[in-house]
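A.B. asks: So that we are looking at the same thing, I have put the structure below in structure tokens.
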Amino acid sequence: MQISNYLTHEHRSCDSIFAEAEKAAAAGEWEKAEKSFLDFANETLKHFKKEEEELFPAFEAKTGSTEGPTQVMRFEHEQVRGLIGKMAEAVEKKDRDAYLSLAESMMILLQQHNMKEEQMLYAMCDRVLPPDEKSDLVEKMEKVEL
Amino acid sequence: MFQNSGLSLDQAPPISVVLRFFLAGSLWGIVAGIWLLAQGATALDPSAPQALILTHMLTLGVMLSFMLGALFQMLPVLAGIALKDPVQLAIRSQYPILFGTILLLVAFADPSTPLFALALLLLGIGILPVALRMLGRLYRITDHSPSSRGMGFSLYNLLLLVLIGAWMAGMLGGWINRGDLLALRNLHAGLGLLGWIALLIVSVSFQVIEMFYVTPPYPKNYARWMPALLTGLLSLDFVAALNLPAAMPWIEGLVAASLFTHALLTLHRLYRKERPLNDATVWFWRLGMVALALAMLLWIAGSLTELSPVVDRILAVLYTAFALSVLFAMSYKIVPFLTWFHLNAQGYFTAPMMHEVIHPKTALRHLAIHLATLFVALVAAFNDALWPLVGAMLVLSFSWLAVAIYRAWHLYLHVQRTGERFDFGGS
Chain R
0 MQISNYLTHE HRSCDSIFAE AEKAAAAGEW EKAEKSFLDF ANETLKHFKK EEEELFPAFE
60 AKTGSTEGPT QVMRFEHEQV RGLIGKMAEA VEKKDRDAYL SLAESMMILL QQHNMKEEQM
120 LYAMCDRVLP PDEKSDLVEK MEKVEL
Chain P
0 MFQNSGLSLD QAPPISVVLR FFLAGSLWGI VAGIWLLAQG ATALDPSAPQ ALILTHMLTL
60 GVMLSFMLGA LFQMLPVLAG IALKDPVQLA IRSQYPILFG TILLLVAFAD PSTPLFALAL
120 LLLGIGILPV ALRMLGRLYR ITDHSPSSRG MGFSLYNLLL LVLIGAWMAG MLGGWINRGD
180 LLALRNLHAG LGLLGWIALL IVSVSFQVIE MFYVTPPYPK NYARWMPALL TGLLSLDFVA
240 ALNLPAAMPW IEGLVAASLF THALLTLHRL YRKERPLNDA TVWFWRLGMV ALALAMLLWI
300 AGSLTELSPV VDRILAVLYT AFALSVLFAM SYKIVPFLTW FHLNAQGYFT APMMHEVIHP
360 KTALRHLAIH LATLFVALVA AFNDALWPLV GAMLVLSFSW LAVAIYRAWH LYLHVQRTGE
420 RFDFGGS
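Residue numbers (numbering that gives the first Met the number 0), protein chains in the order written: chain R, 0 to 145; chain P, 0 to 426.
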């Protein structure tokens, strides 16, 4: 459960930062909203990088599949990146309605994506990768920087 | 490897699959309201066929439609189950269910053996293939979440419930002699209301509450065992119905107690949510859980002692309020999200944001209508003259939702026709 635990924990911590940013935006505290939103964006993008540069290649090498689930996950990462861009614009413009509306889409999109990863992809990784490789992988992911 | 383990991470089914079921469910809600408006208090008299008709409009018509739409959408996400040819499968189940339900309602009003047989045949053709396929795929999953496990149990209870319904129809038609009709009727109702509908909502809440509102998770062991425990108790109920009907109230009392616990746990999670939003969907969930808690308390009381007809009606109103509140909460999340999600995934720059598809104020107004309907229905439990008004308000409530869904669908098609699209390079 090493992979699952490590990456699922990151999902939950991104959720909390997201909620903080949303709270600030809803209250019109834009300075705080901007800071929390940046934190959220950075943490999310770093998490994606860990998956795309370390986890997915390891999984693909083990299963010989490059067009299956990892491809879908990469596509969904792109969708999230697109929304992060739009939310950043809303923060910049201090547009509360746009921000909250985008936040709603972002939350469901992210959760949908997270569910698939947590319930399937991470569980599969934990099953197919040998323990040593998993420890290495977590170590490598720890070192990933944006 | 993914094919072998039955896993796929495919995208959601086409939006039409979900919306066709949601729209059909809303239309059945309008029909149920018209029925209540026309029949008044008779539609709540447990010994009258009018009540049987109202119940089945709300369950087979409303709940089954929304359940199928939601499962088509949620199974790929929750359990990696993408059903092949979802559009075909949806159409092939929706029409038989629609005509089967209509015939069943007619058969309730004017009992005739061939009509019952034809209604059951159509309902079987509509429900069994899709439910068995979903259940079969769920059964093969190796990494279950509490949600996917609970949905599996809920589908299993639905199948059992349909079989018992067929059994009862067989007894009414004189083909089957074994069984106590009253006990089977209680079992059918218990399985339907608790094992199918309530368990389905419990399963959905395991995932949705924590993830959409960012709340603390449900206790792990509780979430893991609750669906199995509930189904196990209802299986005991099944045995009791055939052999020891006197034990049924006790068993159902225990089931009600576990659902009461679930309502409190969910309310507590919502109280501790991290997201600031208090939109209509949060209130629909809160209202639904309060209604469930109160309904289950009355259910427990009813299993210990005979309830007066007034309390029985309050129980029916609260239970219905529970199921409809959650259904509305889910619709106001799913419909705008899917509209945005599909258009965005297809590359339309002009994909509308969720609030542009259904504005939060539209949902809040529906919440007000829903609350007013609940209030009048509770008063109507004491004053029969008010039931037609409740019916009229139910018509308004479901029309509100139907229009919102229709407009989302219309907007979706409009953007597809006129929107500017990012070219994915032939994909």
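Here a beta-carbon is modelled for each residue, glycine too, at the ideal position from N, C-alpha and C.
For the segment 131–156 of chain P, which residues have a CB atom closer than 7 Å to at least one CB atom of chain R, in sequence order?
C.D. replies: So the list reads Asp142 and Ser144, given in the order they occur along the chain.
A.B. asks: To which residues of the same chain is Ala222 of chain P closer than 7 Å at the C-beta, ignoring the five residues directly before and after it?
C.D. replies: Here the question's residue 222 of chain P lines up with position 223 in the second sequence. Excluding positions up to five away in sequence, the list reads Pro145 and Phe205.
A.B. asks: With 8 Å as the threshold, decide whether the Cβ of Lys92 of chain R is near any Cβ in chain P.
C.D. replies: Residue mapping note: residue 92 of chain R aligns to position 93 of the first sequence, counting from 1. Closer than 8 Å: no.
A.B. asks: Show which residues of chain P have a CB atom less than 9 Å away from the CB atom of Leu145 of chain R.
C.D. replies: Taking the first sequence and counting its residues from 1, one reaches residue 145 of chain R at position 146. Under the 9 Å cutoff, chain P gives no residues; its nearest Cβ is about 24 Å from Leu145 of chain R.
A.B. asks: Could you check how far apart the C-beta atoms of His365 of chain P and Phe327 of chain P are, in whole angstroms? I think they sit under 8 Å.
C.D. replies: The residue given as residue 365 of chain P occupies position 366 in the second sequence. The residue given as residue 327 of chain P occupies position 328 in the second sequence. The pair is a contact, with the Cβ atoms about 6 Å apart (cut-off 8 Å).
A.B. asks: By the criterion of Cβ-Cβ separation under 8 Å, what are the contact partners of Phe348 of chain P in chain R?
C.D. replies: Position 349 of the second sequence holds residue 348 of chain P. By Cβ distance, chain R contributes nothing, its closest Cβ being about 10 Å from Phe348 of chain P, past 8 Å.
A.B. asks: Taking the Cβ atom as the reference point for each residue, do Val137 of chain R and Tyr5 of chain R lie within a distance shorter than 8 Å?
C.D. replies: Locating residue 137 of chain R in the first sequence gives position 138, where the first residue counts as 1. Locating residue 5 of chain R in the first sequence gives position 6, where the first residue counts as 1. Contact flag set, yes.
A.B. asks: Hey, could you find the ends of the alpha helix (DSSP H) Arg223 of chain P is sitting in?
C.D. replies: As a working mapping, residue 223 of chain P is identified with position 224 in the second sequence. Element bounds for Arg223 of chain P: Lys219 to Asn242.
A.B. asks: Report the rounded CA-to-CA distance for Leu88 of chain P versus Ala69 of chain P, giving the unit in angstroms.
C.D. replies: On the second sequence, residue 88 of chain P is found 89 positions in, with the first residue counted as 1. On the second sequence, residue 69 of chain P is found 70 positions in, with the first residue counted as 1. So the alpha carbons of these two residues sit roughly 14 Å apart.
A.B. asks: Does DSSP classify Arg80 of chain R as helix, strand or coil?
C.D. replies: Here residue 80 of chain R corresponds to residue number 81 of the first sequence, with the count starting at 1. Helix at Arg80 of chain R.
A.B. asks: Is there a Cβ from chain P that is less than 8 Å from the Cβ of Leu37 of chain R?
C.D. replies: Numbered from its first residue, the first sequence carries residue 37 of chain R at position 38. Taking Cβ atoms only, chain P never reaches closer than 8 Å to Leu37 of chain R, which makes this a no.
A.B. asks: Could you give the distance in angstroms between the alpha-carbon of Phe65 of chain P and the alpha-carbon of Met73 of chain P?
C.D. replies: For this step, residue 65 of chain P is matched to residue 66 along the second sequence. For this step, residue 73 of chain P is matched to residue 74 along the second sequence. Going from the Cα of Phe65 of chain P to the Cα of Met73 of chain P covers about 12 Å.
A.B. asks: What three-state label does DSSP hand Leu8 of chain P in the structure shown?
C.D. replies: The sequence position of residue 8 of chain P within the second sequence is 9, counting from 1. Summary for Leu8 of chain P: the model assigns pLDDT 44, below 50, so the residue's position carries little reliability, and this model does not support an answer.
A.B. asks: Go ahead and pull the three-state DSSP assignment for Arg420 of chain P.
C.D. replies: Walking along the second sequence from the start, residue 420 of chain P turns up at place 421. It is a strand residue.
A.B. asks: Which residues bound the alpha helix (DSSP H) around Ala116 of chain P?
C.D. replies: Locating residue 116 of chain P in the second sequence gives position 117, counting from the first residue. Per DSSP, Ala116 of chain P belongs to the alpha helix (DSSP H) from Thr112 to Tyr138.
A.B. asks: Answer with yes or no whether the minimum CB distance from Pro85 of chain P to chain R is below 8 Å.
C.D. replies: Here residue 85 of chain P is taken as the residue at index 86 of the second sequence, counted from 1. No, Pro85 of chain P does not count as interfacial toward chain R.
A.B. asks: Quick check on the DSSP output: the alpha helix (DSSP H) that includes Lys142 of chain R runs from which residue to which?
C.D. replies: Counting from 1 along the first sequence, the entry for residue 142 of chain R is found at position 143. Pro130 to Lys142 is the extent of the alpha helix (DSSP H) around Lys142 of chain R.
A.B. asks: Cutting at 6 Å between CB atoms, please list the residues of its own chain near Ala379 of chain P, excluding the five before and the five after it.
C.D. replies: Numbered from its first residue, the second sequence carries residue 379 of chain P at position 380. For Ala379 of chain P, where only same-chain residues beyond five positions count, the Cβ hits under 6 Å are Leu385, Trp386 and Val389.
A.B. asks: Sorted by chain position, which residues of the same chain lie with C-beta nearer than 6 Å to Ala219 of chain R's C-beta, five sequence neighbours on each side aside?
C.D. replies: Chain R is shown from 0 up to 145; residue 219 of chain R falls before or after that span and cannot be answered.
A.B. asks: List, in order along the chain, the chain R residues whose C-beta lies closer than 8 Å to that of Pro275 of chain P?
C.D. replies: In the second sequence, the residue the question calls residue 275 of chain P occupies position 276. By Cβ distance, chain R contributes Ala18, Glu21, Lys22, Ala25 and Ala26.
A.B. asks: Kindly list, in the order they appear in chain R, the residues whose Cβ is closer than 9 Å to that of Asn343 of chain P.
C.D. replies: Along the second sequence, one-based indexing puts residue 343 of chain P at 344. Gln78, Gly81, Leu82, Ser104 and Leu108, listed in chain order.
A.B. asks: Between Pro351 of chain P and Asp278 of chain P, is the Cβ-Cβ spacing less than 8 Å?
C.D. replies: Here residue 351 of chain P refers to the residue found at position 352 of the second sequence. Here residue 278 of chain P refers to the residue found at position 279 of the second sequence. Their beta carbons are not under 8 Å apart, which means Pro351 of chain P does not touch Asp278 of chain P by this criterion.
A.B. asks: Taking a contact to mean a Cβ-Cβ separation below 8 Å, would you say Leu26 of chain P touches Leu53 of chain P in this structure?
C.D. replies: As a position in the second sequence, residue 26 of chain P is number 27, starting the count at 1. As a position in the second sequence, residue 53 of chain P is number 54, starting the count at 1. Taking 8 Å as the Cβ cut-off, Leu26 of chain P and Leu53 of chain P do not qualify as a contacting pair.
A.B. asks: In the DSSP assignment, what residue or residues form a beta bridge with Tyr347 of chain P?
C.D. replies: The residue given as residue 347 of chain P occupies position 348 in the second sequence. For Tyr347 of chain P, which the question treats as bridged, DSSP gives the partners P:Arg420.
A.B. asks: Do Pro48 of chain P and Phe71 of chain P have their C-beta atoms within less than 8 Å of each other?
C.D. replies: Along the second sequence, one-based indexing puts residue 48 of chain P at 49. Along the second sequence, one-based indexing puts residue 71 of chain P at 72. For Pro48 of chain P and Phe71 of chain P, no; Cβs fall outside 8 Å.
A.B. asks: Establish whether the CB of Ala122 of chain R and some CB of chain P are separated by less than 8 Å.
C.D. replies: Translated into the one-based positions of the first sequence, residue 122 of chain R becomes position 123. Output row for Ala122 of chain R: interface = yes.
A.B. asks: Find the nearest neighbour of Ile404 of chain P within the set P:Ser396, P:Ser330 and P:Val105, judged by alpha-carbon distance.
C.D. replies: Taking the first residue of the second sequence as position 1, residue 404 of chain P is located at position 405. Minimum Cα distance to Ile404 of chain P is reached at P:Ser330.
A.B. asks: According to DSSP, simplified to helix, strand and coil, what is Ile313 of chain P?
C.D. replies: In the second sequence, residue 313 of chain P corresponds to position 314, counting from 1. Reduced to three states, the DSSP call for Ile313 of chain P is helix.
A.B. asks: Considering only residues of the same chain and omitting the five flanking positions on each side of Asp236 of chain P, which have a CB-CB separation below 7 Å?
C.D. replies: Here residue 236 of chain P refers to the residue found at position 237 of the second sequence. For Asp236 of chain P, where only same-chain residues beyond five positions count, the Cβ hits under 7 Å are Leu186, Gly189, Met247, Ile250 and Glu251.
A.B. asks: With DSSP as the reference, label Val414 of chain P as helix, strand or coil.
C.D. replies: The residue labelled residue 414 of chain P in the question sits at position 415 within the second sequence. Three-state result, Val414 of chain P: helix.
A.B. asks: Terminal residues of the continuous alpha helix (DSSP H) containing Gln38 of chain P?
C.D. replies: Position 39 of the second sequence, counting from 1, holds the residue named residue 38 of chain P. Segment Ile14 to Gln38, the alpha helix (DSSP H) holding Gln38 of chain P.
A.B. asks: Tell me the DSSP secondary structure of Thr58 of chain P in three-state form.
C.D. replies: As a first step, residue 58 of chain P must be located in the second sequence, where it is residue number 59. Helix.
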